[in-house]
Every structure is written in structure tokens, then in C-alpha cells.
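Here the protein sequences come in this chain order: A, B and C.
Numbering-wise, the first sequence is residues 7 to 842 according to this note's numbering.
Numbering-wise, the second sequence is residues 2 to 340 according to this note's numbering.
Numbering-wise, the third sequence is residues 3 to 216 according to this note's numbering.
Backbone N, C-alpha and C fix where the C-beta goes; we use that ideal spot for every residue, glycine too.
Predicted model only: the values in this text are computed from it and were never measured.
What follows is one structure encoded as C-alpha cells, with my remarks underneath.
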Amino acid sequence: MPNKMQYGGNHKLIGKDYTTLDLHAKVTGQAKYAEDYRAEGMLFCKLALSPVPHGRVRKIDATEALAMPGVKGILTAEDLPAPADSIDDNGRVIRANTRGFRGLTNEPLFQGEPILAVAAVDELTAAEAIEKIHIDIEPLPFAIDPIETLRPGSPNPRTEGNIWYRPKGQPGQPPPQLDVRPLKWTQADFDAAKDGALPMGEVPEDSGVVWSYGDVDAGFKNAALILDETFVTPDTSHQCLETRSAMAYWQNGKVHIHTGTQSMIQTVPAVARWLNIPPENVVVVSEYTGGGFGSKITADISLIIPALLSKKCNAPVMMRITREEEHFIGRARPSMIGRVKVGFGKDGRILALDMFTVCDTGPYDAVGDAASSGRIVSLIFQPQAMRFKGLTVMTNTPPRSAQSAPGGMQGIVFMEPVLAKAARKLNIDQVAIRRINAPEGKAPLGPEVRGKRAYATSAFIKEALERGAEEFNWKEKIARPKRSGTKVRGVGVALGCYVGGSIGFDGLLLIKPDGHICFQSGIGNLGTESVIDVHRVAAEMLGVPWEKCDVCWGTNAKNVPWSCPSGGSQTTHAMTRAAYAVAEEAKKRLCEIAAKKLGGSPENYEVANERVFHKGGGAGLTLAQAAQEAVKMGGIYDGHEVNPDVNKFTKQSVAALAGQGFVASARDKYAHDGQTHSYVASFAEVEVDLETGKYYLTDFLAYADVGTVLHPKALGGQVLGRSTLGIGHAITQKWIMDPEYGAMLSRRFHHSKPPTILDVPQNMQWAALDIPDPETPVGSRGIGEPPVGGGCAAVLNALSDAVGDEVFRRAPVYADTILTSLEAGRPMQQPLTAHI
Amino acid sequence: MAVIRDIMPAFDLLQPSSVSEARQLLQQHGQEAWVLAGGLDSFDWLKDRIKRPKYVVDLSGIGELRGIRQTSDGGVEIGAMTTLTEVVTHPVIKERFGVLAQGAELAASPQIRNQGTIGGNVSQDARCHYYRAGWPCYRAGGNICYADTPTGRNREHAILGADRCVAVNPSDSAPALIALDAKFVVQTAGGEKVVDAEDYFIGPDIDITRLNILQPGDLLTAIRIPAAWAGSQFYFEKIRDRNVWDFALLNVAAAIKVSGGNIDQMRIAVNGAAARPLRLKAVEQLAAGKPRNAATGEMAGKLAVEGAVPLQFNAYKIPLMRNLVKRAVGGVEVASWAS
Amino acid sequence: MSEKPAGDVKNPKDAIKAVSRRRFIQGVIAGGAGVSAATYLFRASTPSSAASTGDRLITINVNGQDRRVDVMKQETLAMTLRYKLGLTGTKIGCDRAECGACTVLIDGVPRYSCSTLTHTVRNAKVLTVEGLASADGKLHPVQQGIIEEQGFQCAFCMSGFIMATVAFLEKNPNPTRTELAHGISGNLCRCQDYDKILTAMMRGAEIMREQKHA
């Protein structure tokens with residue numbers, strides 16, 4: 007439902023709704039996504055995927071295929087460039103992972119992994135060619151269940167083992183590459199874990215994440231209630247509606263790549279690394295991206311397939327990724343198994359927490375979910391003492407990646423049902439038990455390192471919880487009768503939290519000699535609208551009406567600055583800071599121009615209402631005149647000289663814009679005390695039919711603590727959209743795999759079940775506190791991630807309020823689970839079996 | 002040879018304009034022909050390149066297969082190519098045979114109902130995720146069932162009537178048509194054949210590779226609904242995971258004639274429990290003459306699931322079927338919250 | 003998800019012999035090989051038949067214009083629109099009639115163009131998102147509603163949602179949010195912006211009513 011609150015206070019642009027510049031092209035169908043581009047002589051490629059979850063390609067015979075008319079070329083793993091080391095912004099060498107996902111392989115590590123690609127004049131010819139290729143594969147042992155792979159004597163997903171570890175480094179040398187080895191728990195570990203509890207097996211220090219703070223044992227000793235629960239979250243594919251299709255061609259030594267990406271400029275060095283070519287030779291075009299959610303942070307490595315085929319065939323190549331292929335290579339949130347032992351005081355305060363999580367990362371690089379699950383839990387529930395162990399295990403299942411609130415979402419989902427149960431046992435209101443445990447202000451988080459803990463920049467979540475409870479009519483709702491006919495209803499509340507911003511990126515703007523201002527945007531356009539929204543900060547500071555502003559985005563060929571990766575809800579925070587920085591820089595330089603032209607010192611000038619003028623009235627220049635002067639003056643004013651603070655990518659863009667008008671660039675160097683996080687309080691109501699187990703979500707509200715509101719309608723979309731992403735984990739989404747053959751069975755939407763418009767209430771509500779974060783100039787934090795855990799957990803808590811605590815122990819919760827458990831009077835689910 | 006999906010193989014598209022022309026083409030091309038109704042089941046098979054017919058016979062241009070006609074006996078005849086949307090919105094069906102409108106409306110999604118036909122909906126193939134992925138199982142002509150093993154994923158599979166294959170029939174309109182005692186009109190090489198709705202469907206014991214009686218060359222042309230059950234008390238319920246675009250875990254359809262609170266006559270069918278929609282004759286007999294109340298419902302539900310055998314992951318279907326039948330027969334205790 | 007109450011299998015791997023796995027792998031690798039041996043090339047001349055659609059060069063009416071286009075027999079409307087007619091506003095999200103991104107109106111009826119053969123719409127009128135705004139660029143009320151309410155996020159699903167909504171509102175000009183949600187429930191949004199989409203589409207309905215009234 008439309009939010010009725012007024013945001014933005016006295017601001018002109020910040021906190022106000024407007025029509026984003028990209029919307030007209032979207033509603034008229036003119037917006038071009040990767041697969042919408044055509045190029046003269048464009049070929050099509052198709053992929054051959056591994057039928058086995060683990061195997062070794064012994065021989066590929068493509069003779070017959072390559073002889074077919076219309077077939078132009080084949081690409082196999084042999085054609086891929088060697089993974090290249092890279093150098094980060096600070097000059098440190100980052101060792102290439104030679105065991106990472108490379109797009110094509112001769113040792114497939116999951117069913118559906120691409121082995122080769124064929125380019126032909128059309129898709130049908132490419133498909134028919136692939137059917138004529140003989141691929142001789144030697145099947146190898148495999149493992150698809152993360153817990154099973156820890157059993158003594160069980161098969162390993164990779165020949166070398168099932169976990170990554172960090173070999174000991176040499177002093178003065180770059181850290182060595184991660185390596186793989188087996189980890190098996192003991193039979194005694196498994197025997198000790200009863201009733202579906204996660205076995206408390208070994209987590210090696212050089213592989214997992216192990217930390218603690220406070221006196222955990224004392225906490226448990228003083229506890230009035232101790233709960234020890236295991237919960238399992240599902241693997242959920244991102245399933246962006248736009249698959250990772252890509253089109254590529256080479257021109258004048260440069261590769262031009264049309265792809266979807268979450269982060270425009272950040273994709274350029276990634277592509278350079280994957281292709282092992284200099285970034286100067288990479289042009290990425292991505293004006294519109296059909297969803298990312300963490301699976302396209304810098305596009306996807308599979309784009310090297312059309313790029314390399316294009317080079318080989320000397321023609322543009324389109325790779326149209328099908329939905330089934332997207333199920334395999336489109337990435338997914340990892341399933342996690344979490345066991346939390348929580349000691350509560352009589353008032354519901356968490357005195358001690360012992361948390362153990364196991365994360366299934368698939369066969370390639372380890373995702374960070376296990377580590378972040380502990381950090382986020384330590385912040386949002388503020389346990390007085392905590393011990394954390396996180397282990398990441400490999401399996402022969404499709405590779406995972408970050409997905410909105412990676413790890414944080416799972417951690418919250420492990421904790422929230424326990425909090426709900428504790429409140430019932432201690433006879434405390436659900437809102438109250440969250441209030442007493444919620445963070446406030448510069449709340450501590452994570453482990454104690456050398457006697458100190460990190461802390462958040464701010465947290466006002468207690469207020470969001472209060473206001474949310476009021477808007478949701480929490481008190482009235484819990485006072486109503488629960489049961490009527492065959493139906494029972496329940497309400498749930500949960501807290502959500504995740505990181506909400508990074509720092510240190512660049513802003514770049516151009517004031518044209520006609521007075522129009524162009525904000526160069528290196529942010530990706532994946533629908534959050536931050537690609538445009540953040541620049542309104544600079545427009546407001548410069549006093550330029552939005553109608554005279556343009557935002558230039560979509561390709562590095564348009565000379566965009568170094569911007570943050572749009573992942574982990576960084577962008578609004580990082581890039582409003584960059585926008586603020588470039589606006590301050592522009593003001594300073596405009597005053598200098600005015601002083602030079604009109605006399606006096608720059609300090610006597612100010613910028614407002616499209617003018618730079620003498621303070622207190624008097625002489626001045628319009629911004630158009632100032633831009634004209636900038637061109638005459640050259641140097642730092644029109645981009646012929648560049649602000650030394652900015653990144654090399656920004657420097658290149660400044661050089662390319664030089665002479666076109668007034669050019670300003672700046673890097674965000676503002677102080678930042680603490681780690682930026684955002685928060686949400688989520689409320690849900692469900693109605694369960696006890697005779698069928700079928701339930702409906704009947705009400706939902708999310709109240710967000712995201713600092714200053716930048717663009718209310720876009721914010722509302724994020725808050726409810728990501729809430730629903732989380733709700734999907736509670737109600738419908740999962741993978742189904744056959745363990746005997748290691749094969750993915752959920753290859754269609756009706757198998758993996760992303761939520762539909764009828765699976766959520768038609769009048770969801772949201773609101774935001776609009777209290778600025780004190781550690782960032784504009785006060786805005788990111789919001790993409792926090793609602794996911796809150797949305798999922800609020801629904802789970804509403805369900806257990808309705809049907810009881812002993813009904814489900816994994817998500818999603820389907821009708822069958824509820825019905826069978828109620829029927830038997832005890833939990834009927836085996837939580838630890840993967841992919842059922 | 003490597004496998005590839007998601008590209009329809011080339012075929013010749015035959016577009017007859019009359020039933021006789023269609024029959025002729027089907028007879029002529031036999032096994033090499035594929036009948037295309039709305040196409041929503043067909044395209045899956047074709048795009049996966051698992052089925053590779055040489056000829057596809059598109060029935061969409063045959064006017065005589067479309068539309069809903071009232072018959073002289075007060076029933077209706079529905080052309081096989083009538084879309085589900087037309088069935089759902091037809092005033093006579095809504096008013097007199099509402100159980101069919103309810104069932105058809107719960108199928109898939111609005112766009113699918115706009116294109117998918119009643120003939121296609123009752124004739125669609127099994128959705129077992131092993132079979133549909135092209136695994137060489139019994140139903141595909143092989144000699145193994147991948148779902149019916151201790152670790153096979155069989156949450157959606159059969160609890161009744163399984164014989165080697167444990168796939169279920171996915172149709173939502175089929176049980177409603179059985180409850181209405183519909184007749185299916187089939188054109189065969191030997192001429193027109195009219196069969197009772199429940200006899201249109203077959204289990205693996207009869208033929209493990211088909212869900213219905215159609216042989217290559219046969220054509221379902223119409224479904225006739227007699228007046229007999231018009232205006233009865235109806236019940237339809239479908240339980241699915243998502244509230245749109247999902248197949249039934251189970252559904253139930255019933256037509257009940259009640260006088261003085263007692264059940265005179267009843268027809269009831271369940272789908273999603275077996276390879277064919279099951280008409281529950283024993284339940285019908287049990288309920289006859291008894292009051293339509295919770296106690297009769299309880300008895301009916303228990304009787305309905307007698308002999309059900311669960312697989313590893315679908316034991317829930319037993320209480321679910323029991324309760325759905327109970328509700329169909331005895332009614333539902335509706336929630337009456339004030340707020 | 004739920005399990006059989008009894009009969010827990012301790013080591014299920016024993017239940018099936020390794021042999022069956024080998025057979026399976028061979029089956030999957032060879033799956034389709036048997037059939038694919040029957041070579042066909044769409045380029046070859048098609049067998050003659052009275053009912054054969056014959057020509058691949060056909061005329062279809064799209065957005066009010068007759069377009070001559072060379073269409074393969076097995077070609078879907080979504081592919082023809084996108085790859086032959088340059089109308090890329092219609093998206094292919096799943097190609098399996100599951101997501102609705104490819105929704106177009108065929109004689110005013112919303113259909114999944116990924117699952118409609120182009121040869122079957124030769125006599126129909128096809129409307130895509132590109133054909134909604136009037137010639138002078140004035141947006142359709144449903145498009146205008148989205149502009150006003152900042153509907154959708156990544157918008158890959160948008161054209162399909164728009165087409166489904168336009169058709170629904172023609173028949174139901176004054177729906178409730180729930181009725182509208184049912185009407186457009188054949189479309190998936192992975193940004194899960196359903197609530198804002200409904201708000202935008204309800205605004206579109208309002209504008210449509212205002213324009214009819216005026």
C-alpha cells in the first residue's frame with residue numbers, strides 16, 4: 007500500500023518522490039537489456055552441460071558438429087585464459103583462484119556445469135551441432151549433502167576434499183592460495199546429536215570462522231531458560247527474471263560486452279581479469295539489468311564464453327541463457343544448518359549464545375554466509391556473551407553466491423524462532439523480548455579482538471519496533487481469539503539487519519556550457535534506482551532544478567567514475583557520500599572561477615539557485631557562464647587536470663570529458679566512525695487451516711531504520727520487495743535434488759516456487775523512521791538486505807504462534823509439514839536431509 | 002551425444018480446419034504426428050527435445066472443436082478446444098455446473114487458462130520431475146522408477162494405484178468432470194466412441210506410458226455434461242504450494258444431491274493421489290442416505306484412504322486426502338472471526 | 003518434506019546398486035541420441051500435405067501493422083517479435099509459460115508469446131508493449147500509472163505485467179487490489195515488487211476511468 011508518511015523535511019530533492027529518468031524507456035519497452043542488442047553478422051551460441059555431478063572429460067569429439075553447415079566454432083575449457091592474479095586498489099596482489107568457477111570445465115563439479123559452447127548462425131543449428139558432439143565423461147564420486155559429506159568415510163565433492171583452508175603463509179609474502187582438503191567428523195559426533203540436531207563436529211581454525219566474546223559459560227549458568235535448537239534454511243536460486251545472457255564482439259582490439267550487471271564500472275576490471283586483458287580494452291554496456299540480488303555483482307564470468315567465441319569466430323556472438331541453465335549457473339543462496347544454544351534471563355535478555363552454522367557453498371569458492379551469520383546475530387540480538395563457529399562445506403551442487411543479506415538472513419532465521427519460543431516460555435510479549443535485546447546507538451558487534459569489539463554507526467531499531475507494533479495493531483491482534491472453525495491464526499514479529507554501506511568512492515559531474523548538469527554514474531541499473539537517486543543529493547547542494555540535470559549511466563564508454571559494487575546494500579550510503587563530496591568540490595571550484603573572473607577571494611562566494619555569486623548579493627555568474635569560464639581557464643576546472651584523490655578509472659573518465667565544460671571529481675574522504683548497518687522490524691499475520699495445513703499470509707508490515715530517506719517510493723519497493731524475497735524462503739522456495747544421481751530436479755519455476763503476487767497480502771505496508779545516521783554526511787544508509795531476514799522470520803514466527811513450536815524445523819514450511827506434524831503430535835520433519 | 006534443451010526441434014506444422022481433416026492427418030502420420038491443443042504441455046516436451054514428432058497437428062483452427070453448446074437434455078457439450086477461460090466464465094457452467102468452473106479456474110494461471118483447453122487439461126501428461134526431465138523411467142519406456150526409491154524425491158507422487166510408476170495425474174478439471182458424470186467423445190480409427198469420464202483415464206496397470214485411452218491417431222473432440230447433476234451441491238478444493246501456477250498436491254470434486262439434510266446421491270473424485278483421477282465409489286455408497294454432516298464426512302474420509310501406501314516423502318497425502326474428502330462430504334466448519 | 007512415520011532407511015545408498023547409476027548416466031548422456039539420429043534440417047523442403055502451412059513467409063498483424071516475416075514452423079511468437087520484428091519490449095523470462103514476461107495480447111487476450119506458435123496467429127491481431135502508447139507518444143493509462151507511482155524495479159517483467167493489466171482492466175475497469183492481483187497473477191516479478199506494482203496498476207485503472215469519463 008502507498009505509504010502516507012511525509013519524508014525529506016525541508017529538503018528540496020532528498021526524501022521526495024520523483025520520476026526516475028529510466029522509467030519512460032521501461033514502460034514503453036524501449037529499455038534495452040543485454041539480450042535486446044543486435045549486431046551485424048551476430049552468431050548464437052549454445053552450451054553443452056554436464057550430465058553428471060562430478061566427472062572428468064576424457065575426450066570431446068566435435069568433428070561431425072563442426073562439419074555442419076552454419077556451425078562457426080567451438081569453445082572448450084582448453085580455450086580459456088589462465089586465471090590471472092589481480093592488484094587491488096591498495097596495490098596488493100590478489101592471487102587468482104585456479105580452482106574457481108571458470109565458465110567451462112573439463113572436470114564438471116556439478117550437474118549442469120557447462121563443458122563447451124558452440125557458435126552457429128542460429129540457435130537451432132547450434133543445438134543440433136551440440137547433439138552431434140560426443141563427450142566422453144568418466145563419472146567420479148560425488149556428494150550433494152553438506153552434512154553427509156562430513157560423515158566418516160563419505161565421498162568428497164572434489165578429489166582433494168570437501169573444505170577450503172588457508173595454508174600457512176610466509177612472512178613478507180602474499181598470502182598463499184586457498185587449498186582444499188577433507189574434513190570428516192567422528193561417528194561419536196554424529197551419535198551425540200539427537201533428534202535432528204546439528205552434530206557439534208570439529209571446525210578447524212584454518213578453515214572455519216571461530217570467535218567469541220564475554221563469559222558464555224557464566225551466562226548459561228545464570229540463565230532462567232536455555233534453549234538448544236537446530237534449524238535449516240533452504241537453497242534458493244536468485245532467479246533474476248533476466249537470465250545472465252550476454253552478447254560480445256571485438257572492435258579495434260577492444261571487447262564490447264552487453265550484459266546485465268549490478269555494478270557498471272566495477273564490472274570492467276572483473277571482465278579484464280577473467281579474460282586476462284588490460285581493462286583499457288574492455289567496454290561494458292549495461293543500461294538495464296533484469297535483477298541481480300547478489301548473483302550479478304560484477305556481471306557473471308559466463309560472459310567470457312561469447313567474448314572468446316566472438317574472437318575465435320571473428321563475429322559478434324549472442325549467448326542466450328535459458329531458464330534451465332540459469333537454474334544451474336545463475337547462483338543461489340546457500341542452505342545453512344544452524345544450531346543455537348541460547349541462555350535467557352528471566353526478563354528475556356540473552357545472557358549467552360553458543361552458535362554453530364554450517365554452510366553449503368557448492369563446489370567452488372566459499373561464500374561468506376557462515377561468517378556473516380554470526381556477526382549479524384551478535385549485532386541485532388546483542389547477546390551479552392557469545393561463542394561462534396562457522397564452517398563452509400563443499401558439495402557437488404550448483405555454485406552459490408551472495409544473495410540479499412547473505413548469512414545475515416540465515417542467522418536471523420536461526421535465532422528468531424528461538425526468541426519467539428523463549429518469549430512464550432517466559433511469558434513475555436514478543437515485541438518486548440525483541441526490544442530488550444535490540445541494539446541501540448553505537449552498538450557493539452562481532453568478536454572481541456585485542457580487548458575491543460567493533461560497533462555500528464548507529465541503530466534506532468527500538469523505535470522502529472515500537473512504531474511498527476503500533477501501526478500493525480500488535481496489541482489488538484494478540485488479544486483476539488485465535489481459533490475459529492478449522493482455522494487458527496498467528497502473528498509474528500522479527501528483527502532484520504545487515505550491513506548498509508561502504509565508503510571511499512568517487513563522484514564526477516559535468517556542467518555544460520548551457521548550464522545543464524550531467525552526473526556521471528558508474529553505478530549499475532538493476533532497479534533499485536540508486537543509479538539515479540544518489541545524484542539528487544548533489545543537485546540539491548548545487549541548487550540546480552532536477553529538470554536541468556541529466557544522469558549518464560550504462561557503460562564505461564560514457565566516462566563514468568569509480569563507484570562502489572552494488573552489493574550488500576552499499577550504494578545509497580557510499581554514493582550519496584561520493585555525491586556529497588563532488589558537490590562540495592564543485593562548489594569550491596565554482597567559487598574559485600567566480601573569484602578569478604569577478605575578483606575577490608573564493609571564500610566570499612557561494613553557490614545556489616544555479617548561480618555562483620558574491621555572498622550577500624552582488625556580482626555573480628550563472629552556472630552556464632561559469633562552465634564557459636571553466637573551459638577557458640582549463641586545468642582543474644575543465645578536466646584537463648584531475649583531482650589526485652580519485653581512482654584511476656575516474657581519472658580516465660575525467661580526461662575523456664576534459665574541455666566539455668566544468669568538470670569536477672572528488673573522492674569520499676569523510677569520517678566514518680563505526681560499521682554502517684540498517685535495520686527493520688517486520689510483522690506478519692497468518693491464517694492456517696488445520697485440516698489441510700494450507701496457510702495464507704494475511705497481513706505484513708515492515709518498519710525500517712535506514713537513516714535519511716532518499717527516495718520514498720523506491721525505498722518502499724526495496725523494503726517490501728526484499729521482505730517478500732525473505733518471505734519466499736519461509737513459504738515456498740527451495741531446491742529439490744536427487745541424492746542417488748546428484749541431479750537437480752527443480753528446474754522450472756513450479757519446482758523452485760518463487761512467490762507469486764497471490765502468495766503475499768495485497769496490502770503490505772511499510773514505513774521508515776527517517777532519522778539520519780550520524781556517521782555519513784547525508785545520513786542515508788542502504789536497505790536492500792535487512793528486510794530479507796526480518797520478512798522470513800516474521801512469517802515463521804507467525805506460523806509457530808498459530809500452530810505451536812514443535813511443528814517445523816526447516817524452511818520453507820509447506821502445508822504438508824504442518825499437517826503431518828499436527829497429525830502425529832510431534833515434529834515429523836527430518837531437518838538435516840538436504841534438498842528434499 | 003550431448004544433450005541440449007530449450008530449442009524446439011524443427012517439425013512440419015499441419016493446420017487442419019475440420020475434424021475430418023485432422024483425423025485424416027492423424028491416421029496418415031500415425032506415430033510421427035503430435036496433436037497440439039493449447040500447447041502448454043506439448044511445448045515443454047518439444048522444447049526439451051525429448052519428443053520429436055515429424056508432424057505437429059495444430060487443432061486451433063478447427064472451429065467445430067470450440068465452444069460450449071447447450072444440449073437438448075439440459076446439459077452442455079464442450080468442444081475439446083474450448084479454453085479453460087471460456088469454461089470458467091460460461092454462464093451456464095457457472096450457474097449449473099459450478100464445480101467445473103471452480104476446478105478449471107484453479108488451473109495454472111490466467112494466461113494459461115486463456116490458451117489451454119479443456120481437452121488439453123484432461124489429456125495432459127504426468128508431471129513427475131524425473132519423467133519430465135527425460136530420465137529413462139518406466140513411463141518413458143525404461144525399466145526403473147526413480148521416484149519410488151528410499152531416497153527418490155516423491156513428495157508429489159501417488160499414494161494409491163501405483164504400479165511400478167508412481168506419477169500422478171495433474172488435471173484440475175478431470176475430477177470435476179467425473180463428479181458431473183461427464184462423457185468424453187473420442188474419434189478413433191474405428192469411429193466415434195463415447196466413454197464415461199472416469200474411463201477416459203488409465204493407470205499404469207493398463208498402460209504405463211499413457212494417462213488416458215487415446216491411441217496414436219485418436220482425437221478427443223468433445224466433453225458432454227449431462228443435466229443429471231445440474232444445480233447439485235458442489236464442492237471443489239485444491240491444495241497447492243503456491244496460490245497460482247502450481248499443480249495440485251491433491252484436489253477433490255464432489256456433486257451431492259441432498260434432500261431433507263440427507264445425501265440422496267453423490268459423485269466424488271480426487272486427483273493427485275494416483276495416476277488417474279479416482280472416483281471414490283465406496284465413499285459414494287457409504288454416504289448415500291446419510292445426513293450431510295461432520296460424522297458422515299469423518300467416515301467418508303477414513304474410507305477414502307483405505308489401502309493408501311505412502312512413499313518416503315508423501316505420507317501427508319493420506320491425512321490430506323482424508324480431510325479433503327471429509328470436507329467435501331460433510332462440509333467445512335468455516336471460520337467466523339469478527340475481525 | 004514430511005516423511006513416512008516408519009521405515010527409516012539407515013543407509014539409503016545401499017538400496018540402489020551402483021549399476022543403476024551407470025545405466026542412468028549412460029541414459030542421460032545418450033538421452034535423445036536415438037531420436038536425434040533422425041536428422042532434419044528446417045532448411046529442407048517440408049513434406050507436402052494439404053494442411054501444411056506451406057509458406058514460411060507469412061503476414062502477421064502486430065500493433066496495427068501488417069508485417070511480412072519469414073517464420074519457421076516451430077518458431078514461437080516471442081522469438082518472431084524479438085528477433086525478426088525488432089520488438090524487444092516483449093521479454094523471454096523462462097520460455098516455459100511460467101513467468102509471464104512474454105505476455106502479449108492476441109485479439110485482446112493476454113497470452114504467453116513464448117508458448118504460442120507464430121504460425122497460429124496469422125489471422126489475429128497482436129499487441130505488444132510497443133503498440134500501447136498513442137502515435138503522438140501519449141502513454142496508455144497503465145503506463146502512466148507506473149510513471150506516477152514508480153512501479154516496478156528492474157522492470158524485466160514489466161511489459162508482460164502491463165499487457166496483462168491492460169487486458170484485465172478492459173473487462174474489469176474498477177477492480178479491488180485483490181481482484182487485480184488475481185487478474186495479473188500469471189506474471190512473476192523477481193524483485194518481488196508486487197505491492198508497488200499493484201499500487202501503480204490501480205493508479206492506471208483510475209486514470210483509465212478518468213479518461214473514459216472525460
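Counting only residues of its own chain and dropping the five nearest sequence neighbours on each side, Leu181 (chain B) has a CB closer than 7 angstroms to the CB of Phe98, Val100, Leu101, Ile226, Trp230 and Ala256. In this structure, Val424 (chain A) sits near Val346 (chain A), with a CB-CB distance shorter than 8 angstroms. Within the stretch 258 to 323 of chain B, the complete alpha helix (DSSP H) segments of 4 residues or longer fall at 282 to 288 and 295 to 305, listed in chain order.
DSSP, read as helix, strand or coil, puts Gly344 (chain A) in strand.
Nearest neighbour of Gln155 (chain C) by Cα position, chosen from A:Pro180, A:Ser536, A:Gly380 and A:Glu590, turns out to be A:Ser536. Assignment of His522 (chain A) by DSSP, reduced to helix, strand and coil, places it in the coil class. The shortest C-alpha to C-alpha distance from Gln388 (chain A) to any of A:Gly413, A:Asp679, A:Gly447 and A:Ser569 is the one to A:Gly447. In the structure shown, Pro145 (chain A) adopts extended strand secondary structure according to DSSP, grouped into three states. In the structure shown, Val209 (chain A) adopts coil according to DSSP, grouped into three states. Contact between Gly298 (chain B) and Val335 (chain B) does not hold, since their C-beta atoms are separated by about 14 angstroms, which reaches or exceeds 8 angstroms. Straight-line measurement puts the Cα of Gln390 (chain A) at about 6 angstroms from the Cα of Ala358 (chain A). Pro453 (chain A) sits in a strand when the DSSP states are folded into three classes. In the DSSP assignment, Pro112 (chain C) falls within the beta strand (DSSP E) that extends over Val111 to Tyr114. Between the beta-carbon of Arg495 (chain A) and that of Val692 (chain A) there is about 6 angstroms, and that keeps the pair under the 8 angstroms contact cut. Pairing Pro151 (chain B) with Val364 (chain A), the inter-Cα distance amounts to about 26 angstroms. Looking at the backbone, the Cα of Arg816 (chain A) and that of Glu70 (chain A) are separated by about 49 angstroms. For the set A:Val288, A:Leu130, A:Lys554 and A:Glu472, the Cα lying nearest the Cα of Val686 (chain A) is the one of A:Glu472. For chain C, the residues of the stretch 709 to 728 of chain A that bring a beta carbon within less than 7 angstroms of one of its beta carbons are Lys719, Ala720, Gly722, Gly723, Leu726 and Gly727, in chain order. At a cut-off of 4 residues, the continuous stretches assigned as alpha helix (DSSP H) that sit fully inside the stretch 482 to 544 of chain A are 536 to 539.
C:Asp195 is the residue among C:Lys214, C:Asp195, C:Arg70 and C:His215 whose C-alpha sits nearest the C-alpha of Lys719 (chain A). Measuring C-alpha to C-alpha distances from Lys86 (chain C) to each of C:Thr61, C:Ala103 and C:Gly102 identifies C:Thr61 as the nearest.
In terms of Cα proximity to Cys193 (chain C), the closest of A:Gln245, A:Thr104 and A:Arg105 is A:Gln245. The three-state secondary structure of Met165 (chain C), taken from DSSP, is helix.
Here Asn258 (chain A) is exposed, its C-beta having fewer than 16 other C-beta atoms within 10 Å. Under the Cβ criterion of 8 angstroms, Arg430 (chain A) is not counted among the residues facing chain B. Counting only runs of 4+ residues, the alpha helix (DSSP H) found wholly inside the stretch 700 to 778 of chain A occupies 718 to 737 and 755 to 758, in chain order. Residues Trp246 of the same chain have their beta carbon placed closer than 6 angstroms to that of Ala109 (chain B), with the five preceding and five following residues left out of the count. Beta-bridge annotation (DSSP): Ile169 (chain A) is paired with A:Arg187. Counting only Cβ-Cβ distances below 9 angstroms, His30 (chain A) has contacts in chain C at Leu141, Gln145 and Ile149, in chain order. Contact between Leu86 (chain A) and Arg108 (chain A) is confirmed by a C-beta separation of about 6 angstroms, below the 8 angstroms threshold. Interface residue (Cβ-Cβ distance to chain C less than 8 angstroms): Gln125 (chain B) is not classified as such. Taking a Cβ-Cβ threshold of 9 angstroms, the residues of chain C close to Met7 (chain A) are Arg179, Asp197, Leu200 and Thr201, in chain order. The stretch 626 to 635 of chain A and the stretch 518 to 537 of chain A touch, with three or more beta-carbon pairs separated by less than 8 angstroms. By the 16-neighbour rule on beta-carbons within 10 angstroms, Gly380 (chain A) is buried.
Closest by C-alpha distance to Asp59 (chain B), out of C:Leu59, C:Ile209 and C:Gln76, is C:Gln76. Among the CB atoms of chain A, none fall inside 8 angstroms of the CB of Ser115 (chain C).
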